[in-house]
Amino acid sequence: MASEPLYDVIVVGSGAAGGIAGYVLATQGLKVLCLEAGRMIDPAKDFYTHKFPYEWPYRGGGKPGQYGHLPQGMEWKIKEWTDHLYTIPDQDPYALAPGAKFTWTRLRAVGGRTNVWGRGSDRFGPLDFQPKTLQDGWGDDWPIRYEDVAPYYERVEQLIGVSGSHDAAVYNTPSGEHLLPPFNARCGEMLIKKGAAKLGIKVAPKPLAVLSQPYGGRPPCHFCGACNWGCDVSARFSSLDVLVPKLQHLSNFELRTNSPVHTILRDPGTGKARGVTYIDAATKLEYEAYGKTVVLAASMVESIRILLNSRDREYPSGLGNSSGTLGHYLMEHVAFNSLEGFFPQLAGRPVTNDDGPGESCLYIPRYNYGAKNKKYLRGWRFDFYTGCGMGPGPGAAFPGFGSSYKQKIKELYPAAVSMSGYGEGLPFYSNYVEIDPDGLRDRYGIPQVRFHTDAEYPEALAILDDMYGGIEEILKASGAEIFPYKKVAPYPLGSVTHEAGGCRMGSDPRTSVLDEWNRCHDMKNVLVTDASCFVTHPEKQTTLTIMALSYRAADHLAEEFRRGNV
Amino acid sequence: MSEQMIGRRETLKYLGMLAGTASGRDFLAAWLPSAAGSRVQAASEAPHTPYSPQFFKPEEFRTVEILTELIIPSDTTPGAKEAQVARFVDFIVFSAAEFRPEMQREWIDGLQQLDRLSRDKYARPFAEASPQDQEALLMEISLPERNPDAEHPAFAFYGLVKDMTVDGFYSSRVGLIDALGYKGLAVLSEFAGCTHPEHQV
Ligand SMILES: Cc1cc2nc3c(=O)[nH]c(=O)nc-3n(C[C@H](O)[C@H](O)[C@H](O)COP(=O)(O)OP(=O)(O)OC[C@H]3O[C@@H](n4cnc5c(N)ncnc54)[C@H](O)[C@@H]3O)c2cc1C
Ligand code: SF4
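Protein chains in written order, with the working numbering: chain A, 1 to 566; chain B, 1001 to 1201.
Quick look at the structure:
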């Protein structure tokens, strides 16, 4: 379509990465087109924040079998509250190489997965950007350091609103200086804090992208605990509720929904990108949009898929893949089943409303620095959940029936505790994604991916045992009774929804896809700013770092425009 | 992340975990001195509105009512009867036709198996046995839950019934709010958290 205007930047995706990139670029005056695969959502109609299970036809669980086979880590997300938001895998499948597992959580809508995310927002630390140099000589360092990213963590925290505590900073787990006050902790969380203290382990307020005070025109949290279904008052950060409203009135920002991007267009003369092709989701017709630069922020898998699908004569294995590393070095936390139990000292206490800000208010940052005789690399963090939930709790695990059984449930209901660990996931070339060689296509007709991913590598198995041990030790020191459990193999990549890697940054174009400003080495006017750029995957959560890096890359791009370098 | 929200938001995840392992046995010995105790309470009045089951035959539905009320009886707090858990079961099993038809087979077969056991023991189908005999039979088929070495051919059906009863009861208003006392999903101006001096560090 020759009549298409020329944009300064085409941003692909409107989730965490795309929302931030669009915000930074458009508020600095650049002419931005944001192409979003999904639809616009209306929190008033699409979020069922205050609906109880008994207000749903199937008590929230859906018609038996309705969601088909859900991979590990997806079962709890897709419910009657949310099944209209997520992509149900069986309805739009992706391919797995024989023996491979991958949990790919897709939410195609304005705001992406920030509409339902867990809001945990910790920063990476100095050692996490340079693990090879500063920790153990294994793997690779990032081409940037903590000091390069710290100012952008700060800006993102200010923009989105994060509650926490600067005093919470522990070694290599930095914390912002201007956070909103932290949330008050529940009884069980205090018991764990006491127990861990006996072992010399620090329990810290969990930084959450939830408002503990009115902030930026948004109301504070009202403690309904339903954030995973979408917050009805925008008290937690989402791109939809916080960033899009700041952009929609700008004449230099355009958001085009239902427009999944298929490929990047390249000018054979200059060798640079000149725009993208995208599908109109309603008609399935393909269109072109033209831009001086393209920022891919469609989530890890999707951005890689676009680059792989953009192969041409010069880049037969995918655009930006002269290094041969595109799609490789995929990572995820080392994750496994949580340990469940109860606090005898809390059994039979009066029921309290423990929903709070929907997440735990305390957590255990990595504490094993300098540990001797480690059989594994790097470390982990622990999360824990306690108190009265929306279900029968630990008593239901007991045998029997009748009044005594019902009494047991009632007695242990306020005493519930569970704890889980997240270990640093390591990058391996052998964990990769490609375009499905058997020709699978997605619902828009775009060639779909096939995963070659294995979470059960030796280093993951090695760290797992110590994580189980650590959890037992802390729970016992807190006085909890732990249910007997089975040790399992590490959960599949993607199961924590913290998938990362595949377009890693690096200073050497022969071993990395992106430079230190998230630009493709091969084509400096294509940027990738989601978690695919990650070089390592420490035990910390991904999204705050995605946003800080996207902010940094977009800020630099805007500067390049001002200097006339684009 | 927040996979553990499962514990706070999901209706049920624990069932059946304890049965079958040596460590489970030790755990239970410590925490369940009176594992065997369960008493059937006098049945209260039937819910007022008439109900025609969508999936079960009337006599099957009667059995489902009895089973759910044995598992979660009405005592000092309302039970499966007030929460109409049998209707929930009927509705779910009916709805399974589309994507999980094998669930319907499991229920039909299980109910027939229960009646066979009851006829062998008491010379009448389960629904017509005395409340004491009904409870005794349920105790018998649930034995593997308390004793990892025991087996019973109807234990799988017991698990199915118990799972869906607990799920149906604690996801109902009667079960979640009236019996359990869940106070959340509310709008609060403040979240005090733990205020007990003895829990502070
Ligand atoms: C239930 C849940 C809990 C979570 N909890 C946490 C947590 O506590 N802490 C944390 O750090 N992270 C958490 N996460 C992960 C977090 O949501 C993601 O890390 C984050 O949203 C990723 O941002 P993104 O922009 O890369 O992708 P997304 O937010 O998924 O956004 C991608 C956007 O791109 C669009 N898109 C995709 N393909 C195309 C295409 N071809 N063309 C155009 N648009 C496209 C999508 O529709 C979507 O809107 C959680 C996720 C879930 C689902
Ligand atoms: S707990 Fe707070 S942030 Fe979460 S949905 Fe409720 S009001 Fe929104």
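Each residue gets a CB set at the ideal place from its N, CA and C atoms; glycine is no exception.
**Request:** Note down the Cα distance separating E459 of chain A from K1057 of chain B, rounded to an integer number of angstroms.
**Result:** 56 Å
**Request:** Below 8 Å CB to CB, which residues in the same chain sit around L85 of chain A once its five sequence neighbours on both sides are set aside?
**Result:** I41, D46, L107, A109, N115, V116 and G230
**Prompt:** Regarding P509 of chain A and ligand 1, is the C-beta to nearest heavy atom distance less than 7 Å?
**Reply:** Answer for P509 of chain A: no, Cβ out of range of ligand 1.
**Asked** Going along the chain, which unbroken runs of the alpha helix (DSSP H) with 4 or more residues stay wholly within the region 103-146 of chain A?
**Response** 126-129
**Message:** Cutting at 8 Å between CB atoms, please list the residues of its own chain near Y511 of chain A, excluding the five before and the five after it.
**Reply:** Reading off the sequence, residue 511 of chain A comes out as Thr, not Tyr. Closer than 8 Å at the Cβ level, and outside the excluded window around T511 of chain A, lie D140, S323 and T325.
**Prompt:** How about G1184 of chain B: is its C-beta nearer than 8 Å to some C-beta of chain A?
**Reply:** yes
**Asked** Does the region 162-177 of chain A touch the region 198-206 of chain A, meaning 3 or more C-beta pairs lie closer than 8 Å?
**Response** Touching, yes, given that three or more Cβ pairs across the two stretches are closer than 8 Å.
**Message:** Please confirm whether G1181 of chain B has its beta-carbon closer than 8 Å to some beta-carbon of chain A.
**Reply:** Yes, contact with chain A.
**Request:** Examine ligand 2 and report whether any of its heavy atoms sits within less than 7 Å of the Cβ of H222 of chain A.
**Result:** yes
**Request:** Could you work out which residues of chain B lie near H222 of chain A, taking near to mean beta carbons separated by less than 7 Å?
**Result:** V1187 and L1188, listed in chain order.
**Message:** Taking a contact to mean a Cβ-Cβ separation below 8 Å, would you say V449 of chain A touches A97 of chain A in this structure?
**Reply:** no
**Asked** Is it a yes or a no for the region 496-512 of chain A touching the region 462-477 of chain A, going by three-plus beta-carbon pairs under 8 Å?
**Response** Touching, no.
**Item:** Cα-Cα separation between I129 of chain A and L362 of chain A, rounded to whole angstroms
**Value:** Reading off the sequence shown, one finds Phe at residue 129 of chain A, where the question assumed Ile. Rounded to the nearest angstrom, the two C-alpha atoms are 25 Å apart.
**Message:** Quick check for students: name the residue ranges of the beta strand (DSSP E) that lie wholly in the region 511-544 of chain A, counting only runs of 3 or more.
**Reply:** 526-528
**Message:** Suppose you measure from the CA of S550 of chain A to the CA of L6 of chain A; what does that come to, to the nearest Å?
**Reply:** 23 Å
**Prompt:** Whose CA, out of A:F384, A:A371, A:T352 and A:T543, lies closest to the CA of L1188 of chain B?
**Reply:** When each option's Cα is compared against that of L1188 of chain B, the closest is A:T352.
**Asked** If we count the other Cβ atoms within 10 Å of its Cβ and call it buried at 16 or more, is L127 of chain A buried or exposed?
**Response** Classification for L127 of chain A: buried.
**Message:** Looking at L1143 of chain B: is its Cβ nearer than 8 Å to the Cβ of L1070 of chain B?
**Reply:** Not in contact: L1143 of chain B and L1070 of chain B (Cβ atoms no closer than 8 Å).
**Prompt:** What in chain A is Cβ-close to S1118 of chain B, meaning under 8 Å?
**Reply:** Result: empty, since nearest Cβ-Cβ is about 17 Å, beyond 8 Å.
**Message:** Would you say the beta carbon of S238 of chain A is closer than 7 Å to some non-hydrogen atom of ligand 1?
**Reply:** no
**Item:** Which listed residue (B:K1081, B:W1107 and B:F1126) has its alpha carbon closest to that of G1175 of chain B
**Value:** B:K1081
**Item:** ligand 1 heavy atom lying under 7 Å from the CB of V12 of chain A
**Value:** yes
**Whole-Å CB distance - L179 of chain A paired with E147 of chain A, under 8 Å assumed** = Wrong, their Cβ atoms sit about 19 Å apart, outside the cutoff.
**Message:** Suppose only complete runs of 3+ residues qualify. What are the beta strand (DSSP E) ranges in the region 251-299 of chain A, listed by chain order?
**Reply:** 253-256, 261-266, 273-279 and 286-296
**Message:** Check whether chain B comes within 8 Å of L191 of chain A, counting only Cβ atoms and requiring the distance to be less than that.
**Reply:** At a cut-off of 8 Å, the C-beta of L191 of chain A has a neighbouring C-beta in chain B.
**Asked** Does DSSP put D383 of chain A in a helix, a strand or coil?
**Response** strand
**Contact set for S310 of chain A: own chain, Cβ-Cβ below 6 Å, skip 5 residues either direction** = T263, I264 and L319
**Exposure of A44 of chain A, with buried meaning 16 or more beta-carbon neighbours within 10 Å** = exposed
**Request:** For Q135 of chain A, count neighbouring Cβ atoms within 10 angstroms of its own Cβ and tell me buried if that reaches 16, exposed if not.
**Result:** buried
**Asked** Going by Cα to Cα distance, which pick from A:G29, A:T27, A:E36 and A:Q28 is closest to V11 of chain A?
**Response** A:E36
**Prompt:** What three-state label does DSSP hand R366 of chain A in the structure shown?
**Reply:** coil
**Prompt:** Roughly how many angstroms lie between the CA atoms of Y376 of chain A and D383 of chain A, to the nearest whole one?
**Reply:** 20 Å
**Asked** Given that a residue counts as buried once 16 or more other Cβ atoms are within 10 Å of its Cβ, and exposed if not, what is G1037 of chain B?
**Response** Bear in mind that the predicted position of G1037 of chain B carries a pLDDT of just 35, short of 50, making it unreliable; the figure below should be weighed with that in mind. Answer is exposed; the Cβ neighbour count stays below 16.
**Item:** Interface partners of C187 of chain A on chain D, CB under 7 Å
**Value:** The question asks about chain D, but that chain is absent: this structure's protein chains are A and B.
**Request:** Compute the Euclidean distance between the alpha carbons of A16 of chain A and R1087 of chain B, then round it to the nearest angstrom.
**Result:** Separation of A16 of chain A and R1087 of chain B (C-alpha to C-alpha, rounded to the nearest whole angstrom) is 44 Å.
**Of the residues A:P484, A:E302, A:P392 and A:H222, the one placed nearest T105 of chain A, counting alpha carbons only** = Cα-wise, what sits closest to T105 of chain A is A:E302.
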